[in-house]
Every structure is written in C-alpha cells, then in structure tokens.
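Going by the numbering used here, the first residue of the sequence shown is number 526, and it counts up by one from there. C-beta: ideal position from N, C-alpha, C; glycine also. In this text the structure is predicted, and so the values were computed from the model without any measurement.
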Amino acid sequence: MLRNLPNLFNAINLSNQVRQNVRTLYVSATNEAARKGTREKARKKKVKVEIKKVGFIPHNLRKKVKIEINKHVDDSWKPTSSDDVWIGKYCQYPVFTVQEAVKFHRETHHPTMYNVPNAAIIAEIEINMQGDKPTRFVENFHRMAPINHKFDHGEERSILVLTKGQENIDIAKKAGATLVGDVGLIKSIQNGDLSIQEYQYIIAHNNILADLVHVRGLMKRRFPNPKSGTLGSDLEEMIQKFVNGITYSALKDENQQNFAQITAQFGTLDMDEKHLEDNLAQLLKDINTNRPKREGKFITRVFLKSPPSNETLKINPFEYVPEEQTFTSKKKPAVLAEEEHEESADADDDNNEKEKKEAVN
C-alpha cells in the first residue's frame, strides 16, 4: 500500500497541472477576445458588391479580351509637317483658325461640289471629366449656352413664362415665349388644367416667386432658379437665351469615365465668320463653367465639321478659354510673410558669404 503512494501523488500532481493549463488557456482566450461590437463594426464596413446584369453575349465573343484604348489623344510630342501631304501617325494634327476652317468647309460645300452653302457647322469638343480626386469624375451635364448671333437651329422650343404686370407680359410675348401668364396660370397648374409637361422650359420673374412656391412640388427639378438661368428680373434676356441658345450635353464614355465628347451646332456656313467665331467662343466659355477644381486641362481638343462632309478640322480652343487652371496658395498671410522673410534672410546670408570669399581672394 505504501509503495503505491508515490504513484498516487504523481497522478494527483499531473491532474492539477492539466487543470491549470486548461484554465490558463481559457483565461487567455477571454482576455484576448475582441471588444464588444468590434466584429459588428467590421461587418458594417464591408461594401456590398453590386452584381451588374450583363446582356446576352454571343459565344464567339465571350472569350475575346476587351481592348482598353485611351481616347485622350496628345500628339504634342510629334513633329509638325512642313509639307502639304504627310503620314498622320508620324506628325501632329494640323491646327487652323476658325476663319480658316470655315473657309475650307465653304469650299467643299460650294454649288460645284456638295452644293449646300447654308449647311450647319458643328463643333466636336473633347473633355477631360476627371474630378478633383483620382476616383471622382464630373457628373454628366446638360446646358443651354447663350449666343449673340442667332441662327436657324431647326428646333421648336416651347417656353412657359410666369410673371406679374402687363408690361412684363408684353415683353415676354415679344421675346418669343410660347405662353405667358400670372397668378391665374399658377392656379391652372395647381388644378391640373394646365400641364407643365407640354413645355420644355419654364421661366419666371422674381416678382411672382412667392406665388410660385405653391406649385414647387409639381415642378420638382424644373422649378425656376437663378443657377439654371430660369429665374431673374430681365425676362427678355432669359427668353432670348432659351429661344436662340445652343443646347449641348456632356456624357461620360461607358468604357472611359474621364472622357466625354460634346457635339453642338453653333451656326451655319452662310453666316459671317466673326459671328461664327463669337458663337463658338460663347459655347466654349459656357462649357468651361463646369470645370472641376483641379489643375490641368478640362477642354482638351476641338474639331469643326460640316455635314455631309466627313472632314474634321482642328482649332485651338485656348484662344477663348484658359488652357490650364492654377490655384492660389491656401496658406495664411502670416505664414506666407514668415516664409518670405526666411527666403530673404537666406538670400542675404548667401550674398554676405560671396562678398567674404571675394575679399579673401
């Protein structure tokens, strides 16, 4: 019996050690566990992957690799050709003035050739839609650019004008509004007797804004506002803009989000060259108002064409809008003054050292 006692004690010690180890493991797992709510926060941070529905793709096209082509073309590194005939891929695209481009298009549309002397002249404007950050892009926009020299754009534009006072009503009718009215017209919209869907544009004078608020829910995004140029005190100017202005849209490319192209008519070939140039300048300036707050180009290239001809002539848009955008320093005046003081002090020290060296020599 006494002989078995050492074995019994050894067994008891072994069982105690096992219990301590198990308890240590259990405690350490408890101490190192994540705080309450940590896993839940991590789950919330996970972004849900949106599954985009893809239409039917033919079997012979499924294995084809999509070729990514950068649509922003920069040929400034290529040499300019001194000859009349050259290989396009080795030389820069020739740049013309607006007057030269109009002249060349008139030659091709002469009665002896295409015989369309009053053909439309169209601008194709390429835009860099990159936003203020690498992952952001400018939203698609649709606008109306005002012009100084009207032309037949071939569109029937219906304009509803809301204002008070007989004088303003007469001005609006003379300017070319489709329908003009006051508070009575607003009540007709409220009652459903008049549908605003029949009119492309809704313009209002400041003096009727208080009454117009009652139909804000019906108009929604079409409610007149100064930013879109549909609310103001100069009715004639606003109406003329929407009757004669240039409509254009900038839509991002599906495969390249930082690229967009605007196609807009700004006149006809039988117009005066200076009038055409002025209309184009107005169009480019209006497009440039959508420029994001970043450095670099917004409008990259502009081509002029005139159907039925396929010829496109490149012009320099930076005669009318700035090419690059620069930003002023956001530092406080005190910080700038201190930096200037340090720079001047460093310059004085450098001059003193030079004088000492010259004296020693």
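Whole-Å CB distance - residue i paired with residue j, under 8 Å assumed
{"i": "P817", "j": "G656", "result": "5 Å"}
{"i": "R682", "j": "Q725", "result": "6 Å"}
{"i": "I787", "j": "I771", "result": "With a Cβ gap of about 10 Å, I787 and I771 do not count as contacting."}
{"i": "L760", "j": "N693", "result": "6 Å"}
{"i": "V703", "j": "H730", "result": "In the sequence on display, residue 703 carries Thr and not Val. With 8 Å as the limit, T703 and H730 do not qualify as a contact, their Cβ atoms being about 16 Å apart."}
{"i": "A785", "j": "I652", "result": "5 Å"}
With 16 other Cβ atoms within 10 Å as the buried cut-off, status of residue i
{"i": "T814", "result": "exposed"}
{"i": "F843", "result": "exposed"}
{"i": "I612", "result": "exposed"}
{"i": "G717", "result": "exposed"}
{"i": "Q790", "result": "buried"}
{"i": "K614", "result": "exposed"}
{"i": "N480", "result": "Coverage of the chain is limited to positions 526 through 886, which leaves residue 480 absent and any answer about it impossible."}
{"i": "T563", "result": "exposed"}
{"i": "S854", "result": "Its pLDDT being 48, under 50, S854 is placed unreliably in this model, and the value from its coordinates should be taken loosely. When all chains shown are included, S854 counts as exposed."}
{"i": "L737", "result": "buried"}
{"i": "E802", "result": "buried"}
{"i": "K578", "result": "exposed"}
{"i": "M763", "result": "buried"}
{"i": "P604", "result": "exposed"}
{"i": "F581", "result": "exposed"}
{"i": "N769", "result": "buried"}
{"i": "A567", "result": "exposed"}
Beta-carbon gap between residue i and residue j smaller than 9 Å
{"i": "I728", "j": "L743", "result": "no"}
{"i": "S606", "j": "Q624", "result": "no"}
{"i": "I711", "j": "S831", "result": "no"}
{"i": "A648", "j": "L808", "result": "yes"}
{"i": "S502", "j": "F676", "result": "The requested residue 502 is not part of the displayed model; the chain covers only 526 to 886."}
{"i": "F823", "j": "K839", "result": "no"}
{"i": "T622", "j": "S834", "result": "no"}
{"i": "K777", "j": "M654", "result": "yes"}
{"i": "N673", "j": "N804", "result": "yes"}
{"i": "S643", "j": "D795", "result": "Here residue 643 is Asn; the residue named in the question, Ser, does not match the sequence. Yes, these two residues count as a Cβ contact at 9 Å."}
{"i": "D707", "j": "G690", "result": "yes"}
{"i": "G754", "j": "P671", "result": "yes"}
{"i": "V740", "j": "Q765", "result": "no"}
{"i": "K628", "j": "E798", "result": "yes"}
Residues bridged to residue i (per DSSP)
{"i": "H667", "result": "S774"}
{"i": "F621", "result": "I840"}
{"i": "I512", "result": "Any question about residue 512 goes unanswered here, given that the chain covers just 526 to 886."}
{"i": "N653", "result": "F784"}
{"i": "R826", "result": "E651"}
{"i": "A645", "result": "T793"}
{"i": "L704", "result": "L685"}
{"i": "F662", "result": "Q655"}
**Asked** Considering only residues of the segment 721-785, which uninterrupted alpha helix (DSSP H) runs meet the minimum length of 4 residues and lie entirely inside it, listed in chain order?
**Response** 734-737, 741-744, 760-769
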